[in-house]
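Protein chains in written order, with numbering that gives the first Met the number 0: chain A, 0 to 475; chain B, 0 to 475; chain C, 0 to 475; chain D, 0 to 475.
Let me begin by presenting the structure, written as structure tokens, before commenting on it.
4 protein chains.
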Amino acid sequence: MSKIQEECGVFGIISPEKGDVASSTYYGLFALQHRGQQSCGISVNDDGLFSTYKDLGIVNDVFSRSNLESLGQGNMAIGQVLYASGNITRDHAQPIVVNHTKGKLAIAANVCLVNAFELREEFELKGSIFHTNSDAELILHIIVEERLRSKSIEEAVSKALSRLEGAYSFVIMSPKKIIAVRDPRGFKPLCYGARDDGSIIVASESCALNAAGAKLIRDIAPGEVMVFDKNQTRSFTEFCNKENPSLCVFEYVYFARPDSIIDGASVHTARLNAGRILAQEHPVDADVVIGVPDSGLDAALGYSRESGIPYGIGFLKNKYIARTFIAPGQKTREDKVRIKLNPISDTLKGKRVIMIDESIVRGTTSARIVNLVREAGATEVHMRISSPPFLNPCYYGTDASNSDNLIASHHSIDEIAKIIGVDSLGYLSIEGIKKIACGKDCGYCTACFDGLYPTAKPTSTDRTSKYDRKISDNNK
Amino acid sequence: MSKIQEECGVFGIISPEKGDVASSTYYGLFALQHRGQQSCGISVNDDGLFSTYKDLGIVNDVFSRSNLESLGQGNMAIGQVLYASGNITRDHAQPIVVNHTKGKLAIAANVCLVNAFELREEFELKGSIFHTNSDAELILHIIVEERLRSKSIEEAVSKALSRLEGAYSFVIMSPKKIIAVRDPRGFKPLCYGARDDGSIIVASESCALNAAGAKLIRDIAPGEVMVFDKNQTRSFTEFCNKENPSLCVFEYVYFARPDSIIDGASVHTARLNAGRILAQEHPVDADVVIGVPDSGLDAALGYSRESGIPYGIGFLKNKYIARTFIAPGQKTREDKVRIKLNPISDTLKGKRVIMIDESIVRGTTSARIVNLVREAGATEVHMRISSPPFLNPCYYGTDASNSDNLIASHHSIDEIAKIIGVDSLGYLSIEGIKKIACGKDCGYCTACFDGLYPTAKPTSTDRTSKYDRKISDNNK
Amino acid sequence: MSKIQEECGVFGIISPEKGDVASSTYYGLFALQHRGQQSCGISVNDDGLFSTYKDLGIVNDVFSRSNLESLGQGNMAIGQVLYASGNITRDHAQPIVVNHTKGKLAIAANVCLVNAFELREEFELKGSIFHTNSDAELILHIIVEERLRSKSIEEAVSKALSRLEGAYSFVIMSPKKIIAVRDPRGFKPLCYGARDDGSIIVASESCALNAAGAKLIRDIAPGEVMVFDKNQTRSFTEFCNKENPSLCVFEYVYFARPDSIIDGASVHTARLNAGRILAQEHPVDADVVIGVPDSGLDAALGYSRESGIPYGIGFLKNKYIARTFIAPGQKTREDKVRIKLNPISDTLKGKRVIMIDESIVRGTTSARIVNLVREAGATEVHMRISSPPFLNPCYYGTDASNSDNLIASHHSIDEIAKIIGVDSLGYLSIEGIKKIACGKDCGYCTACFDGLYPTAKPTSTDRTSKYDRKISDNNK
Amino acid sequence: MSKIQEECGVFGIISPEKGDVASSTYYGLFALQHRGQQSCGISVNDDGLFSTYKDLGIVNDVFSRSNLESLGQGNMAIGQVLYASGNITRDHAQPIVVNHTKGKLAIAANVCLVNAFELREEFELKGSIFHTNSDAELILHIIVEERLRSKSIEEAVSKALSRLEGAYSFVIMSPKKIIAVRDPRGFKPLCYGARDDGSIIVASESCALNAAGAKLIRDIAPGEVMVFDKNQTRSFTEFCNKENPSLCVFEYVYFARPDSIIDGASVHTARLNAGRILAQEHPVDADVVIGVPDSGLDAALGYSRESGIPYGIGFLKNKYIARTFIAPGQKTREDKVRIKLNPISDTLKGKRVIMIDESIVRGTTSARIVNLVREAGATEVHMRISSPPFLNPCYYGTDASNSDNLIASHHSIDEIAKIIGVDSLGYLSIEGIKKIACGKDCGYCTACFDGLYPTAKPTSTDRTSKYDRKISDNNK
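Okay, here's the thing in structure tokens:
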């Protein structure tokens, strides 16, 4: 069940010939939908003319056949699916497309800057205006400013990089080029591949390459700036290897799709491994291992294989549940969980059950699921979590950042076990999680678990306050 | 992947007190959505006043919060989700609600009559008019006619039963009663349960009882007429045990949800058993067993358990794919499959793979999936099907009835294996499928496999022709 | 300003060649929109295959290009716009299309039967079922029943006529024919015309013929049954001249469009005449004559011409006001009138104003308009009404039938003048209104003014009660 | 019939107490709808927090009750309806709301700058980015820049004025103030008024004040900057009387609503006067004077009064015609005109007709209308136009600017008469049109008629080319 949200999926394509790049982007965004359901958009570049359509909502709701066709043919396109905490409006939907002295410029970004407040203030004091409080718009301001004193858009992007601090992977589309950028610590994934027709595709995850008919070539390296134009692909590595790699480890555990390959490692296999290590760290005698769909399933299979305890299918997840589910009436919370996730009693009845989930945030949903499993006849419920407890806010985009809501901040593991009603509870260790992808610590951000932040903390997390605060609250 | 379609899910609720029966019905239909995606509707009964909303589309699209609320409070409601072959219009959406001399009468039906043509003609010759070609409307005509010479609505319904031949489970709502009916052979499932607040709920599958907060009491028996009113529950068994039971066995293999219990047997367990028997009937040496999501997963687990070959997760199914997926552009068919179902290469690479699916209809989708699995690196692909080959048309509602489209009608198993590109292919035997639910043959319709039809065949399968044929085709 | 509502506009077309009859019907309904805004629909007949689209709402909202195109080509079509008092659902939208032993049958009707209750009961007692409480559906039951004992559909229609009592004009479409019927008293208008391509068109008003590119041939006579098929046009006059003609005189004053010709008389000219006679009956010294848009404008011009007092434009009517105007907020009623109808102060300031409207129903809107005119600086306001006072309910479809709401039922003319705040008030006399169309009384229903009903009164005006009443209200 | 389009209507309100300013703005925009149908929007200011909703479409389509309510309560609001030539996207919809160092700033503008190209280039060269090619966004850039070196927002607005060249009336909303600005030549109307509750309202036309319940106080003078805050109203007249007044005279003839008062003159009376002068300049013997709805009606009445020839109602205009009319099928152009505008034959038959319209652009529509009038039986048709011939492009917002399309540029009046098929044709003289509002020339822009432009011509009329041109067209 979705409990944590991460910010955004990005996509870009450049083709040797003018063609239906909008459809390829549509398929790519469709495959990235799990990374953000609040808005989506596509911008097509036909020899410098940009056509853009974007709106609040998921790809399936936003893009009808007619508005997809209205984007026309082109030789490049970028697209984005957005997750953002707080209320957002249509203006936040990406790609953000602007006009500047060199023509059009568009961005599709997965970004969370820790120096956004300072950067924004710097621009405001020069008289700049912002249409949103989005970091993506801020990046455009910096690039356009740098463009005035650069010989090329790629030079401007590189100069912009030295001013950005935080987590970001983004794709820039200029009239003639697609530029893909990943921050020097590599917090957010970004990769590229190629299609038989010669098109190059950039995406947050390799599953989107597959969906658009391309094969993965490799990940964009942390700090790398890749420039794709009609004739060539160039890599600028000035910012590479300047920082320790800090890929968000939660990409493997939860955010990414299991069929994706991130930084060389299969997400599915990483989850299997998380289950295996969990079985080593927290063994228990039981009759069946089940996963909470969808993200607990792979880890449950790993736990089963390691422990030898049979894997079972414990729940039916209603596949018609979507974001727009209206949940009418006065039903109890348990009932609302049951509508999404109905236990399969033959699997559970009279059984000692090990149940794997990828995390516990506030604990309320977990408690309800445990209750459903017990009602279905389980005699014991042993909960295993394929990640360590959340103890610290994330400044890089994971929306579980308010530690007030984190059950692990206020309760011991034994207390949590009691609260959610399980017979035993075990979390994957921090050492364990670091090994799930490559068998050793290949460099991850684990700040939400251990508080070791790879960057300075933001001076103001409340960067939107100036725009979205009442006058009377400002004592003006 | 959905390839076969069955007709309709039905739901009914009667509560001791006036309340939000519309929401309960909404949840029930949501859980029955897999049984029909073409239209849906709810009719609420407030002390004889009926409010109805229905339209083409799935529950999530048809019911907004406002039109659900517009149905108001009541003490009874019925609802339906419809699958129908051919073009349908809004008029076909159920519940169908009519006025007759005793007031309102509504029906929600899962029905396929073999004597519809004769019944319809009988009414036409009396001057009756039909708004649709739906068998549900025909049933209402019969009940209303019988009502004139009956003391009660339940007597009228019972009399109507003796005139109906075919497969049907339906729910009738009169101003004061809910009546649930299952045909004497029990082709289609129907069960009922109770909720803590005293409400009685009837539904095609027990998963809908759960979704509405009720617990399963039992199945409606083949031929049983159950009458629920404010004060009591009565069962009329006049038509029970007159025919051999003939539940559609494909309910277990494909149509029903795995968390449902049908005629006492868990659908999930029946699918596990199908996989187990398949492993006995068609063993093969391999490295991993995978299922084609969603309906092949349980059987794959059963095959794995029986054979001892590890169970693996072979595909990621995109959970945002819905009926409205627009599939733009000129992509190859393989690509369109890949968007829904992307192989997980770590599971498949260098492996001898056993892949379980619940059926092969035309073979084209299977061929594409096999191709994806090979592309992902599988060295061998052994396909196992958890049902026997389709050889005969179904007259009871399964929409794979045109034997022209059935690959098994025209090709030997070896030929099919070659067409879909597998190293070996095995189907579950007819004897095998009969045992999946209760371990022995408890009475099933297997006509699509063996041609043994429990009823007479329809004299005219083309029962709509009179209404939907051009004059010039009639040589009039 | 719309204050009174009449029921429905109908349209039918038959072409020598298959073509885009749906578009012609769309244009016709568009021109008839003023006769009903609650639902609309079109049914196209392609050699016996009927395609229908209908929904609640106005033509512009219901018909998009795509659903109009989905109706396809055909050689015949009928359409309807509906006004109905009370809550209606999609099921009430016309054309109503049914299946019977001879194939398809569709009706588009403007109907109000006084013997509906008795007819409906007769059918119920035979076991018939009704999907609505609409008189149009009832007429189909009668025709289909008569069809069993008739040699042709036109014979069945003629037999049906002898069973119907009340006001009706309707169009029937069978697989091969269009049949147009007007009741023997001719309450409701109906006419037909021809187009250069040989198509025959039937419509409630001649303006719809013009909109579809046809020229008026003549009105259908009261009691006439006209049958149009591919080869010929036939008129059956069996029911003609059996009753005194009773065309609703309010068609000329308010319901019909001024550019229509009804029973040989121009509606525009009839309104001019109403104004002229009003000037003779209620002269007053003043500076300017203005009309309340839209229906008072023609009469105001007539009053001006007769009296010699200059005609002025007193109001701007906002042309973007539509049925869907949401009227948010806490504005006063005066403001809400002003949004639709803003006075033009240069016309009114310092002037003695004669203001013409076509009726006063409850008086509240009139009072507000008078107030606006005074605020704009009029020194005197003399109201003249181009029809006599409403004193009696209408049983033939005019929805001002509850005499409780009629200001003239409870107040003298002097009292009304005081209530609405005018310096003088004059109504057209009953003798006067009878002369507006042909200069003498050519036979009109004036029952709402004088209580002289051309038919028996209905035994039950509450004909829908059985279906739409709670059980507990029935003491059952 | 609408043939010429002018750009935009603006609205602003400031109330002493927090309240439903969104609804007042909604009503105001509704009254201004004729000034622009391409997009509309409202921005509400609640003590510094801005809520905005805007989209492509007319007010009735864009604002549902729920999204209007979502704007919440506030003490100020601004709104806009937009007309723009060329393709526009949602980004162009106003109000445009931006963030800058002092918080939020919003603009609703009716603007056409002749130095836009130079201003935009100046900002681009500083690194500014533009989200649209709209002049309104450009004005915000200038104001925000000036704000850095000003003590107040009103000082910044005043400084901005000295940099703007062209036609503009706009309303600015800052956290605490509403500022209304009209360009020094007063090309576009702008006025303000007050409501009984103490609210001040600014609008493009006085009809919008009325619709929002306010009374006109006076017009904003050319060059005036008015500042409204909670406590006071201040007028800055630094830019007043620096230029000759140049109100677009076509506001009186066509753009504005007849119930509006602009610069002290009634639009209705100005049109009456246009008709009177036309009768003096181009008399002809005839039987009836008719106007082409809607904008020809007032002038026709004026012509009738002056000439003594009776005024008649010549056409019925279908009031359900809206922007979304789909016009299906293969109808002739004449038929499409007839659907909107059906002649009333009793007015025309056998008559010598004088027909008044406000302009002739390409002549095609006029020709069709003349044809309809002749078909209806007119024996002579004398066309009179209540404005002089268009001969020159307009650089201030009127979208008939391409002289290639102007029939009068290529043909003599006699030729035009022949082309549109009239017996005689007369245009109002330039001297005549200057007198319609105040009886003498009070200062108008008549450049489209006489080519005397009040400002320098724009150096580049193609100001959007840089952004919306293909690379290959730039020879880059």
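Every residue, glycine too, gets a C-beta built ideally from N, C-alpha and C.
Quick one: list the residues of chain A neighbouring residue i, beta-carbon separation under 7 angstroms, in chain order.
i	result
D:G126	V143, E144 and L147
Name the chain C residues that come within less than 9 angstroms of residue i, Cβ to Cβ?
i	result
D:R256	L315, N317 and N341
Could you spell out where the alpha helix (DSSP H) holding residue i opens and where it closes?
i	result
C:F29	V20 to L31
D:F448	A446 to D449
B:S408	I406 to H409
B:G431	I429 to K433
A:T268	V266 to E280
Quick one, are the C-beta atoms of residue i and residue j less than 8 angstroms apart?
i	j	result
A:L67	A:A21	yes
C:Y302	C:L340	no
A:V372	A:S168	no
A:V266	A:R275	no
Start and end of the beta strand (DSSP E) containing residue i?
i	result
A:Y167	G165 to M172
B:F49	L48 to L55
C:E305	Not the beta strand (DSSP E): C:E305 falls in the alpha helix (DSSP H), residues L296 to S306.
D:E145	Premise fails: D:E145 lies in the alpha helix (DSSP H), D134 to L147, not in any beta strand (DSSP E).
C:A193	C190 to A193
A:L424	S423 to Y426
Anything in chain D within Cβ reach of residue i, meaning under 8 angstroms, just list it in chain order.
i	result
A:N471	The question names Asn, but residue 471 of chain A is Ser in the sequence shown. The answer, in chain order, is D46 and G47.
C:L81	Those do not exist, as C:L81 stays about 15 angstroms from chain D at its closest Cβ, beyond 8 angstroms.
Based on DSSP bridge pairs, tell me the residues matched to residue i.
i	result
A:N109	A:S168
B:V9	B:Q79
B:C39	B:D54 and B:V80
A:R290	First, the residue type needs correcting, since residue 290 of chain A is Gly and not Arg in the sequence shown. A:I355.
Anything in chain B within Cβ reach of residue i, meaning under 7 angstroms, just list it in chain order.
i	result
C:E123	H99 and T100
Run through chain A and tell me which residues come within less than 8 angstroms of residue i, C-beta to C-beta.
i	result
D:K175	I470
Output, in chain order, the set of chain B residues within a Cβ distance shorter than 8 angstroms of residue i.
i	result
C:N66	By Cβ distance, chain B contributes nothing, its closest Cβ being about 11 angstroms from C:N66, past 8 angstroms.
Residues of chain C with a CB under 8 angstroms from the CB of residue i: which are they?
i	result
B:Y466	N98, G102 and K103
Which bits of chain D does residue i rub up against, with CB to CB less than 9 angstroms?
i	result
C:I429	Those within 9 angstroms of C:I429 in chain D number zero; the least Cβ separation is about 24 angstroms.
- Interface residues of the stretch 90-114 of chain B facing chain C [CB-CB below 7 angstroms]: V97, N98, H99, T100, G102 and K103
- Query: Mind listing which residues of the stretch 26-57 of chain D have their C-beta closer than 8 angstroms to chain C's C-betas, in chain order?
  - Reply: Y26, F29, A30, Q32, H33 and I57
- Query: When Cβ atoms are compared, which residues of the stretch 256-290 of chain C fall closer than 9 angstroms to chain B?
  - Reply: Within the stretch 256-290 of chain C, no residue has its Cβ closer than 9 angstroms to any Cβ of chain B.
- Using a Cβ-Cβ cut-off of less than 9 angstroms, list which residues of the stretch 201-218 of chain D approach chain C; keep chain order. C206, N209, A210, A211 and G212
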